[in-house]
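Residue numbers (numbering that gives the first Met the number 0), protein chains in the order written: chain A, 0 to 237; chain B, 0 to 237. Data first, discussion second: the structure below is written as structure tokens.
2 protein chains.
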Amino acid sequence: MVGSRTGWVEADYVPCPADLAGLSSGATRFAIDGHPAAILPGVSCRNPEGHADVMRGEEVQILGAGRLTAIGDALVCIPGTHSKWARLEGGALTGFRTFVTGELYELLRRRSLVGALAEGDGFDPAAFGQGVDYGTRAPLAHAVFSARADVLTGGMAAAAVSSYLSGLLIGAELAGRPEAGGAEVVLLAAGVLAERYRAAFEVVGLPFRPIDAEAATIGGLALAARELWPALAQGLAG
Amino acid sequence: MVGSRTGWVEADYVPCPADLAGLSSGATRFAIDGHPAAILPGVSCRNPEGHADVMRGEEVQILGAGRLTAIGDALVCIPGTHSKWARLEGGALTGFRTFVTGELYELLRRRSLVGALAEGDGFDPAAFGQGVDYGTRAPLAHAVFSARADVLTGGMAAAAVSSYLSGLLIGAELAGRPEAGGAEVVLLAAGVLAERYRAAFEVVGLPFRPIDAEAATIGGLALAARELWPALAQGLAG
Chain A
0 MVGSRTGWVE
10 ADYVPCPADL
20 AGLSSGATRF
30 AIDGHPAAIL
40 PGVSCRNPEG
50 HADVMRGEEV
60 QILGAGRLTA
70 IGDALVCIPG
80 THSKWARLEG
90 GALTGFRTFV
100 TGELYELLRR
110 RSLVGALAEG
120 DGFDPAAFGQ
130 GVDYGTRAPL
140 AHAVFSARAD
150 VLTGGMAAAA
160 VSSYLSGLLI
170 GAELAGRPEA
180 GGAEVVLLAA
190 GVLAERYRAA
200 FEVVGLPFRP
210 IDAEAATIGG
220 LALAARELWP
230 ALAQGLAG
Chain B
0 MVGSRTGWVE
10 ADYVPCPADL
20 AGLSSGATRF
30 AIDGHPAAIL
40 PGVSCRNPEG
50 HADVMRGEEV
60 QILGAGRLTA
70 IGDALVCIPG
80 THSKWARLEG
90 GALTGFRTFV
100 TGELYELLRR
110 RSLVGALAEG
120 DGFDPAAFGQ
130 GVDYGTRAPL
140 AHAVFSARAD
150 VLTGGMAAAA
160 VSSYLSGLLI
170 GAELAGRPEA
180 GGAEVVLLAA
190 GVLAERYRAA
200 FEVVGLPFRP
210 IDAEAATIGG
220 LALAARELWP
230 ALAQGLAG
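And the structure:
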């Protein structure tokens, strides 16, 4: 990511609560061949236990989705390598929780003793559903091993391991999500991840509104650009 | 392991409840250059949710420790790549729960984005204790990310990440352990793992009896040999 420690320029994190105006005023501005450029900051928060959480990029999607659909109050889920569950209140991002779901899946599927027993990555809806269900109830480091034990004792087909593991991790994430405080749950995703999370939400009976992540990203960036360069935005509008 | 699917001869799993006599009668017997040899079976159980669990090797340690110390009723913790928490009742192994704690630690420390921020593997008792504490309370896939976020926002030294991560995983394991049903908790371990788990047990205030894993293994194997070859054992005794 261009604004990360290993990117072009390290951009700061602004603390929650954060809105688009705050992101824009915290931007790192520079020029590329004479053209104005800006890197938006990430967002940080601190949980009640005193540990930090950070995001970089998702804040634009979340605030973009909020503005575009006029949702001011929601619990927004953005699945991914590092899934985010963010609380949007009065149009501002007030807090969030990250889960290393996608990264753990890759590590367990490709490099673990459990993954070594898996055959292929075809989607098995029944195994996925079983995984989601057990993942919401069992300690994660234990649940993961059940895939290996079930295969070794003949209770699970090796071809089902990948889907079961994916379900376990998503189930554990759903069980650990922050409180929505009565607000609606928004699933901000696209492609295969959107399909998987939709299926998982249905397994646990969690109502949600799906929003396309790509549209939210473009919308959020356009809104941020208007905040960053109001004159330019006026010129384009005129 | 010689009795695993990729070992010399695949030995079965016997179901819980299991004792040393049961293990011996389920042994796979063969000869090596005319000398009698046997591979003991592993042990399997099924949890209330219908998923299997398996162990191979730890059952000898657990039953050996029980017989040697005359403990018939305990919850036994054997830390490792795949940690086991086993219930010993009336001298028999009646059930257990596996956690992929050690394997997850290696994957996260060596191959993840969180581990990439860590510097070295020196033991930091304070960071370890914080990890144990947070690991008992937070969803694991979220807690893991806090190491990265704390480093990025200046709240944790990169040199503390390894200990903190280790603490998180052990804390999550402790929080997810099976019920002891009033029995004492036994820590069956040796070396660095014994030290780490002792420290973790103290953080959560869990009383336990430490037993050396090596002595338990030798004791268990000797007892199993007597069951397998009673005449030989009598000859040695005479």
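Glycine included, every Cβ here is placed at the ideal spot set by N, Cα and C.
message = As an exercise, report each continuous beta strand (DSSP E) stretch of at least 3 residues that is fully enclosed by the segment 157-228 of chain A, in chain order.
response = The segment 157-228 of chain A contains, as complete beta strand (DSSP E) runs of 3+ residues, the segments 183-188, 208-211 (chain order).
ask   = Leaving out the 5 sequence neighbours to the left and right, which residues in its chain are closer than 7 Å to Ala230/B when beta-carbon positions are compared?
value = Within the second sequence, numbered from 1, the residue matching residue 230/B stands at position 231. Setting aside the 5 residues that flank it on each side, Ala230/B has no residue in the same chain whose C-beta is closer than 7 Å to its C-beta.
message = Between Val42/A and chain B, is any beta-carbon pair separated by less than 7 Å?
response = The count along the first sequence starts at 1 and reaches residue 42/A at position 43. No, because no Cβ of chain B sits closer than 7 Å to the Cβ of Val42/A.
message = Would His34/B pass as an interface residue toward chain A - the criterion being a Cβ-Cβ separation below 7 Å?
response = Looking up residue 34/B in the second sequence gives position 35. At least 7 Å separates the CB of His34/B from every CB of chain A.
ask   = What residues in its chain sit with their C-beta under 7 Å from that of Ala179/B, if we drop five residues either side in the sequence?
value = Looking up residue 179/B in the second sequence gives position 180. Excluding its 5 nearest sequence neighbours in each direction, Ala179/B has C-beta neighbours in its own chain below 7 Å: Leu74, listed in chain order.
inquiry  = Using a Cβ-Cβ cutoff of 7 Å, what residues of the segment 145-160 of chain A are near chain B? List them in chain order.
reply    = Residues are counted here when their Cβ sits less than 7 Å from a Cβ of chain B; for the segment 145-160 of chain A these are Ser145, Ala148, Asp149, Leu151, Thr152, Gly154, given in chain order.
Amino acids of chain B, ordered along the chain, whose beta-carbon sits closer than 8 Å to that of Ala51/A = Taking the first sequence and counting its residues from 1, the one referred to as residue 51/A is at position 52. The contacting residues are Ser145, Ala148, Asp149, Leu151, Thr152, Gly154.
task = Using a Cβ-Cβ cut-off of 7 Å, state whether Thr97/B counts as contacting chain A.
result = Looking up residue 97/B in the second sequence gives position 98. Yes, contact with chain A.
inquiry  = Tell me the rounded alpha-carbon separation between Gly6/A and Ala156/A.
reply    = In the first sequence, residue 6/A corresponds to position 7, counting from 1. In the first sequence, residue 156/A corresponds to position 157, counting from 1. Inter-residue distance for Gly6/A and Ala156/A is about 43 Å (C-alpha atoms, whole angstroms).
query = What span of residues does the beta strand (DSSP E) with Ile70/B cover, start to end?
reply = On the second sequence, position 71 is the one that residue 70/B refers to. Annotation: Ile70/B is outside any beta strand (DSSP E) and is labelled neither H nor E by DSSP.
request  = Tell me, to the nearest whole angstrom, how far the beta carbon of Val184/B is from that of Leu205/B; I am working on the premise that it is less than 8 Å.
outcome  = By one-based count along the second sequence, residue 184/B stands at place 185. By one-based count along the second sequence, residue 205/B stands at place 206. Indeed they touch by this definition, with Cβ atoms about 6 Å apart.
ask   = Can Leu92/B and Ile61/B be called in contact, C-beta distance under 7 Å?
value = The residue you call residue 92/B lines up with position 93 of the second sequence. The residue you call residue 61/B lines up with position 62 of the second sequence. Cβ atoms of Leu92/B and Ile61/B: closer than 7 Å.
task = Closer than 8 Å, Cβ to Cβ, to anything on chain B: give me those residues from the segment 100-116 of chain A, in chain order.
result = Cβ contacts with chain B: Thr100, Glu102, Leu103, Leu106, Leu107, Arg110, Ser111, Leu112, Val113.
message = Please tell me whether Pro47/B has its Cβ less than 7 Å away from any Cβ of chain A.
response = Taking the first residue of the second sequence as 1, we reach residue 47/B at position 48. No, its Cβ sits nowhere closer than 7 Å to a Cβ of chain A.
ask   = Is the number of C-beta pairs between the segment 194-205 of chain A and the segment 100-110 of chain A that are closer than 8 Å three or more?
value = These segments do not touch.
query = Taking C-beta to C-beta, are Asp149/A and Ala10/B nearer than 7 Å?
reply = Residue mapping note: residue 149/A aligns to position 150 of the first sequence, counting from 1. Residue mapping note: residue 10/B aligns to position 11 of the second sequence, counting from 1. Their beta carbons are not under 7 Å apart, which means Asp149/A does not touch Ala10/B by this criterion.
query = For the segment 195-226 of chain B, which residues have a CB atom closer than 8 Å to at least one CB atom of chain A, in sequence order?
reply = Along the segment 195-226 of chain B, none of the residues has a CB nearer than 8 Å to a CB of chain A.
inquiry  = In whole angstroms, give me the CA-to-CA distance for Leu238/A and Lys83/B.
reply    = In this structure chain A extends from 0 to 237, so residue 238/A is not present and cannot be described.
request  = Report buried or exposed for Ser24/A, applying the criterion of at least 16 other Cβ atoms within 10 angstroms of its Cβ.
outcome  = Working through the first sequence from its first residue, we reach residue 24/A at position 25. Looking at its Cβ environment, which holds fewer than 16 other Cβ atoms inside 10 Å, Ser24/A is exposed.
message = For Val113/A, which residues in the same chain have their Cβ closer than 8 Å to its Cβ, ignoring the five residues on either side in sequence?
response = Within the first sequence, residue 113/A is the residue found at index 114, counting from 1. Cβ within range, chain order: Leu107, Val143, Phe144, Ala146, Arg147, Val160, Leu164.
inquiry  = Is there a Cβ of chain B sitting closer than 7 Å to that of Ala37/A, yes or no?
reply    = The residue labelled residue 37/A in the question sits at position 38 within the first sequence. Contact with chain B is absent for Ala37/A, since none of that chain's Cβ atoms lies less than 7 Å from the residue's Cβ.
request  = Starting from the Cα of Leu186/B, find the closest Cα among Gly219/B, Cys76/B, Leu67/B, Ala30/B and give me that residue.
outcome  = As a first step, residue 186/B is located in the second sequence; it is residue number 187 there, counting from the start. Taking only the C-alpha atoms, the option nearest Leu186/B is Cys76/B.
ask   = At what residues does the beta strand (DSSP E) containing Leu4/B begin and finish?
value = Translated into the one-based positions of the second sequence, residue 4/B becomes position 5. What sits at residue 4/B in the sequence shown is Arg, not Leu. Unbroken run through Arg4/B: none, as it is neither H nor E.
task = Could you tell me if Ile38/B is buried or exposed, where buried requires 16 or more neighbouring beta carbons within 10 angstroms of its beta carbon?
result = As a working note, residue 38/B is residue 39 in the second sequence. Buried, by the Cβ-count rule.
inquiry  = Determine, for Pro138/B, whether the minimum Cβ-Cβ distance to residues of chain A falls below 7 Å.
reply    = Counting from one through the second sequence, the residue named residue 138/B turns up at place 139. Closer than 7 Å: yes.
ask   = Can you round the beta-carbon distance between Gly94/B and Cys15/B to whole angstroms, since I take them to be within the 8 Å contact cut?
value = The sequence position of residue 94/B within the second sequence is 95, counting from 1. The sequence position of residue 15/B within the second sequence is 16, counting from 1. For a cut-off of 8 Å, the C-beta gap from Gly94/B to Cys15/B is around 5 Å, short enough to register as a contact.
query = From Gly79/A to Pro177/B, what distance separates their C-alpha atoms?
reply = Position 80 of the first sequence holds residue 79/A. Position 178 of the second sequence holds residue 177/B. Cα atoms of Gly79/A and Pro177/B: separation of roughly 32 Å, rounded to the nearest angstrom.
request  = Please go through the segment 66-117 of chain B and give each complete beta strand (DSSP E) segment of 3 or more residues, from N-terminal end onward.
outcome  = 73-77, 82-88, 91-98, all fully within the segment 66-117 of chain B.
query = Given that Ala171/B touches chain A, what residues does it touch there, using C-beta distances under 8 Å?
reply = What you label residue 171/B is simply residue 172 of the second sequence in a count that begins at 1. Within chain A, the C-beta atoms nearer than 8 Å to that of Ala171/B come from Pro138, Leu139, Ala140, in chain order.
ask   = Cβ of Gly128/A within 7 Å of Cβ of Ala171/A?
value = For the purposes of this step, residue 128/A is identified with residue 129 of the first sequence, where counting begins at 1. For the purposes of this step, residue 171/A is identified with residue 172 of the first sequence, where counting begins at 1. Not in contact: Gly128/A and Ala171/A (Cβ atoms no closer than 7 Å).
ask   = Does DSSP put Thr27/B in a helix, in a strand, or in coil?
value = One-based indexing of the second sequence puts residue 27/B at position 28. Here Thr27/B sits in strand by DSSP.
Which residues DSSP lists as bridging Val13/A, in chain order = Within the first sequence, residue 13/A is the residue found at index 14, counting from 1. According to DSSP, Val13/A bridges with Val42/A.
query = Mapping DSSP to helix, strand and coil, what is His34/B?
reply = What you label residue 34/B is simply residue 35 of the second sequence in a count that begins at 1. In the structure shown, His34/B sits in a strand (DSSP, three-state: E or B).
message = Which residue wins for smallest C-alpha separation from Ala69/A, given the options Glu57/A, Met54/A, Gly90/A, Val53/A?
response = The residue you call residue 69/A lines up with position 70 of the first sequence. Answer by Cα proximity: Gly90/A.
query = Can you list, in chain order, the residues of the segment 162-189 of chain B whose Cβ is nearer than 9 Å to any Cβ on chain A?
reply = Listed by position, the residues of the segment 162-189 of chain B near chain A (Cβ gap below 9 Å) are Leu168, Ala171, Glu172, Ala174, Gly175, Arg176.
query = If you check the beta carbons only, do Leu67/B and Gly218/B fall under 7 Å apart?
reply = Within the second sequence, the letter at position 68 stands for residue 67/B. Within the second sequence, the letter at position 219 stands for residue 218/B. Cβ atoms of Leu67/B and Gly218/B: closer than 7 Å.
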